[in-house]
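Here is the structure we will look at.
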Amino acid sequence: MTGVQEEKMDSTRRVLIVDDDPDILGFVQVVLEEEGYQTLTARNGLEALNVVRRETPHLVLLDLYMPVLDGWGLSRALRDDEGLDVPIVVMTADQGAIGSVHERGLQGCISKPFDLEELVSCVARFTSPSRV
Numbered sequence: 099m100t101g102v103q104e105e106k107m108d109s110t111r112r113v114l115i116v117d118d119d120p121d122i123l124g125f126v127q128v129v130l131e132e133e134g135y136q137t138l139t140a141r142n143g144l145e146a147l148n149v150v151r152r153e154t155p156h157l158v159l160l161d162l163y164m165p166v167l168d169g170w171g172l173s174r175a176l177r178d179d180e181g182l183d184v185p186i187v188v189m190t191a192d193q194g195a196i197g198s199v200h201e202r203g204l205q206g207c208i209s210k211p212f213d214l215e216e217l218v219s220c221v222a223r224f225t226s227p228s229r230v
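In our numbering, the protein residues as written are 99 to 230.
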């Protein structure tokens with residue numbers, strides 16, 4: 099492998115997308131992969147917690163309302179684990195929850211339905227080389 103290839107691989111940013119809706123999961127995955135991100139996916143908070151511990155993503159995009167372990171529970175588990183320091187951005191249609199995002203120590207919120215520019219811009223902001 100050449101130095102250029104290694105550098106390109108090292109600069110790939112991993113984003114974990116967590117949503118129990120397969121349409122949203124697939125949509126966000128396609129958008130981010132077209133932007134050059136490596137994506138990881140999980141359909142509930144427990145799966146996501148295992149992925150974060152195994153793959154150390156640069157960002158977690160997280161739905162709030164999921165089975166097994168919801169988004170609030172996952173964010174709490176990630177914050178309580180001292181070895182895991184990953185930014186978390188919530189994706190939600192619940193306008194009432196948006197105000198709670200920063201109070202609970204999360205980094206951001208993207209409203210559903212998505213504005214593609216907002217989604218891509220938010221992911222870029224939290225995965226820039228200066229942040230990771």
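Idealized CB from N, CA, C, for every residue including glycine.
Notebook entry, point to check: What runs of the beta strand (DSSP E), each 3 residues or longer, lie entirely inside the segment 136–194?
Noted result: 136–140, 157–161, 186–190
Notebook entry, point to check: Cβ of residue 159 within 8 Å of Cβ of residue 114?
Noted result: yes
Notebook entry, point to check: Cα separation between residue 191 and residue 142?
Noted result: 17 Å
Notebook entry, point to check: Span of the beta strand (DSSP E) holding residue 209?
Noted result: 206–209
Next item on the list: Count the other C-beta atoms from every protein chain shown that fall within 10 angstroms of the C-beta of residue 232, then say buried if there are 16 or more, exposed otherwise.
Entry: No answer is possible for residue 232: the residues shown for the chain start at 99 and end at 230.
Next item on the list: Return the residue from the list 227, 222, 223, 218 that minimises the CA-CA distance to residue 126.
Entry: 218
Next item on the list: Pair every Cβ in the segment 181–189 with every Cβ in the segment 160–168, then say whether three or more of these pairs are closer than 8 Å.
Entry: yes
Checklist line | Whole-angstrom C-beta distance between residue 165 and residue 117, which should lie under 8 Å | finding: Actually they are not in contact, since the Cβ atoms of residue 117 and residue 165 sit about 11 Å apart, beyond 8 Å.
Next item on the list: Flag residue 124 as yes if its beta-carbon sits less than 8 Å from any beta-carbon of chain D, otherwise no.
Entry: Absent from the structure: chain D. Only one protein chain is present.
Notebook entry, point to check: Taking the alpha-carbon positions, what's the residue 140 to residue 152 distance?
Noted result: 13 Å
Next item on the list: Decide if residue 54 is buried, meaning its Cβ has at least 16 other Cβ atoms within 10 Å, or exposed.
Entry: Lying outside 99 to 230, the shown extent of the chain, residue 54 is not represented and no answer is given.
Note to self: Please report the straight-line C-alpha distance between residue 108 and residue 167, rounded to a whole angstrom.
What the structure shows: Legend: pLDDT at residue 108 = 45, less than 50; position of this residue unreliable, value from coordinates given subsequently. Taking the straight line from one Cα to the other gives about 31 Å.
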